[in-house]
Structures are given as structure tokens and as C-alpha cells.
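Protein chains: 2
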Amino acid sequence: MITNMEKIKTLLEEKGIKPTFQRLKILEYLSNNLNNHPTVEMVYEKLLNDIPTLSLTTVYNTLNNFLEKRLVFGVTITGTEVRYDFNTDYHHHFLCKKCGQIIDIDLKCAYAEGEKGIISGHRIDEIHGYFKGICKDCSKNVGKKSRGRSSS
Amino acid sequence: MITNMEKIKTLLEEKGIKPTFQRLKILEYLSNNLNNHPTVEMVYEKLLNDIPTLSLTTVYNTLNNFLEKRLVFGVTITGTEVRYDFNTDYHHHFLCKKCGQIIDIDLKCAYAEGEKGIISGHRIDEIHGYFKGICKDCSKNVGKKSRGRSSS
DNA sequence: TCCATATTTGTAATCATTTCAAGCTTGTAA
DNA sequence: TTACAAGCTTGAAATGATTACAAATATGGA
Ligand SMILES: [Mn+2]
Ligand SMILES: [Mn+2]
Ligand SMILES: [Zn+2]
Ligand SMILES: [Zn+2]
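Same order as they appear, the protein sequences are chains Z and X.
Each residue of the first sequence is one higher than the last, beginning at 1 in the working numbering.
Each residue of the second sequence is one higher than the last, beginning at 1001 in the working numbering.
See below:
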């Protein structure tokens, strides 16, 4: 049988990226955290356990490399940090302005189905659809302590 | 007849914002630069001519105030800076990865027409639709000097 | 006028990201 | 096997955007 790590390695090789230990671990981490949309810092902190010598610069370099090769998707919804998404199938996102979590939103959208091509003469490479508001949980727990970061 | 400045003043008062000189000038600048989607720095630099004592902090404070009151719309497409849009009617944006300019895109979208309300149980306050790619001009002028900033 | 309050300002701090140069690996050719 | 070049990784310093903070200034009544 094929291990998950072998699949990760294949993904890198398909994009012409040499599968170094650091790159494998970073991509593996993203693949195991599809719902977190982690920041650079989150990737770095978690992987320090596995790779005590890991450099934050390497995480930045690697993630930028992955972005360029379209191996991951960059979510810039907060405006202050990039969050990384292993799921490159087009989908919308929702940012809760109270607890800060980013949630996947699946909905039909005319431009969602790989329809890239040309719009108004401009060549389209990436499509981003975002919503901001208050999430289901935070709407319920009004006045109660939120379980994540606050952005207010 | 009603001057443009009087309209700007009314907009501020309607949102309960005291129309100080700085605030009037900042909102006026945004209203005259609908197609630029200016950065904080651009607003600051231009207004220094009119208000030599202007502080960058005031521009930040004022624009954050305008954002909270929904007087302007924040475009976070680049991931590294907020760009401000006087046009709060819902519309999509396009970022050229070559020259860096942000262009308005008008197109029909199921979620574009003030349909905020609830999605998947989450309360929606803001809707953002972005595209990234290479703009019409930059596609033409391959190899030629671009007329704006480069992001590559 | 005097005072309370809101606003503006300048500086310093913070936070994310990039730059850069030095050290480390790895593959390959002598 | 040794030697070297190319690619990778690392840590420190630099950059850029934004926020925190406290002092200075303006405003609008009592
Ligand atoms: Mn996602
Ligand atoms: Mn716009
Ligand atoms: Zn929430
Ligand atoms: Zn362009």
C-alpha cells in the first residue's frame, strides 16, 4: 500500500520540487490540517517538534515555493497574514471577525468551476471568494468567552 | 448647488462621524480616486500637500474608523497591505501580479446583490470576490517595461 | 473664561515578511 | 574517493505595514 508520505513525495516531484525532508514535512502538515488554514507561524511551531533545527525562513521559502507552483492556495482574507490551504480545489472561505477562525464554504458560483480564462481582457490565474462576519458558534455564544483569538 | 465637499460632509454626519478637516480631506481623496484603490501611504503622501501637519497615524485611525462604519471598503487582495475603496456597492476586483494595479470587475454573481444574511449558519457582513492574474495591458506588453510596481 | 472631551500628532513598539550571506548537502565528474 | 558546483537551509538583520501610547491641540458648552 502507498503511505501518505509517499503521496506527498509524489506531489512534490510532479511539480518539479525536490522532496527534501523539510518540504515533505511542511506539505504533510498542511495536508493534515485542511480545516485550520494555518499561518506560517503555526506550521513552524508545530514542526519544531520534528525538526528542532528548522528555520522560520525555510518555512517562508518553502510556502512561497509551493504557492508559485500552485501546490497550495494562499488565503489573504485577514489582510495581515497569509494562511495556507492544501485544498486547491476552488472553494469559498468565511472569516469570523470574533473568533478569527477561517471556515470552508461550499457553494455554487459561476466562476467557481475552474472557469479561469479571460475576464474583461485580463488573464485570470486565481479566483478568491471570501465572506466575513460572525460564525455560527460565536452568534450563539453572545457575551460568552470566545474560544479563539479576537479581532475586535 | 451642492458642492462635492458638502456631500462628503453629509456622508460623515450620516454615520455619526464628526466632519473634521482631516476626515473630510481623506474621504474626499478616496471619492476622487475610485479607480486607484489607494493604500494608506498613498492617501498620506497626497494629502501632505494640503495638510503639511498631517500624521500617518491620523490616516490609519481615520481609515479604520471609516471601515468600521462601513463608509469605505477594505480590499486585502495583496495580503500585505489594505487598499481602500470609496465604492461600497458590491463589485469584484482584479489584481495584476505584474504591474500591481487593482481593477474593478463588474459581473453577475449570486452573492453580489446585497444578499448578505446567513450562509451555513454564519452571519455574513462582508462579501469579497477577487481575481489575480495578468492584466490586459501587461499581457500585451510582454517583455516591455511595466508602468507600475512589480510583484514578481 | 475654564474645563471636559474628542482629535491629532510623533515616537516607539509590534508583527509579518524578505534579504542576505554563510554553512550544509548532494550529485557527479575527475 | 575526492573535489566541486549547485541547490538547500539557516540565523541575523532589514524592511514594511500597522498599532500602541502618551503628549499636544482643538472644540464646544457651562
Ligand atoms: Mn479552505
Ligand atoms: Mn473597487
Ligand atoms: Zn467565531
Ligand atoms: Zn498589469
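Each residue gets a CB set at the ideal place from its N, CA and C atoms; glycine is no exception.
The CB of Z/G100 never comes closer than 8 Å to any CB in chain X; the least such distance is about 13 Å. The contact set of Z/S139 on chain X, defined by CB atoms closer than 7 Å, consists of R1123 in chain order. Between Z/C135 and Z/L34, the alpha-carbon positions lie close to 18 Å from each other. With contacts defined by Cβ atoms closer than 7 Å, X/Y1084 and X/L1063 form a contacting pair. Residues F21, Q22, K25 of the same chain have their beta carbon placed closer than 8 Å to that of Z/I51, with the five preceding and five following residues left out of the count.
Within chain X, the C-beta atoms nearer than 8 Å to that of Z/H128 come from I1077, H1128, G1129, Y1130, F1131, K1132, in chain order.
Relative to ligand 2, the beta carbon of Z/D125 is positioned no closer than 6 Å to any heavy atom.
X/H1091 and Z/T76 have their C-alpha atoms some 18 Å from each other.
Close to X/G1074, with beta-carbon spacing below 8 Å, are these residues of chain Z in chain order: G79.
Within chain X, not a single residue places a beta-carbon under 8 Å from that of Z/V59; the smallest gap is close to 16 Å. In its chain, beyond the 5 residues on either side, P1019, L1024 have a beta carbon closer than 8 Å to the beta carbon of X/K1009.
By the rule that beta-carbons nearer than 7 Å mark a contact, Z/V82 touches chain X. Within chain X, S1120, G1121, H1122 have C-beta atoms less than 8 Å from the C-beta of Z/K136, given in sequence order.
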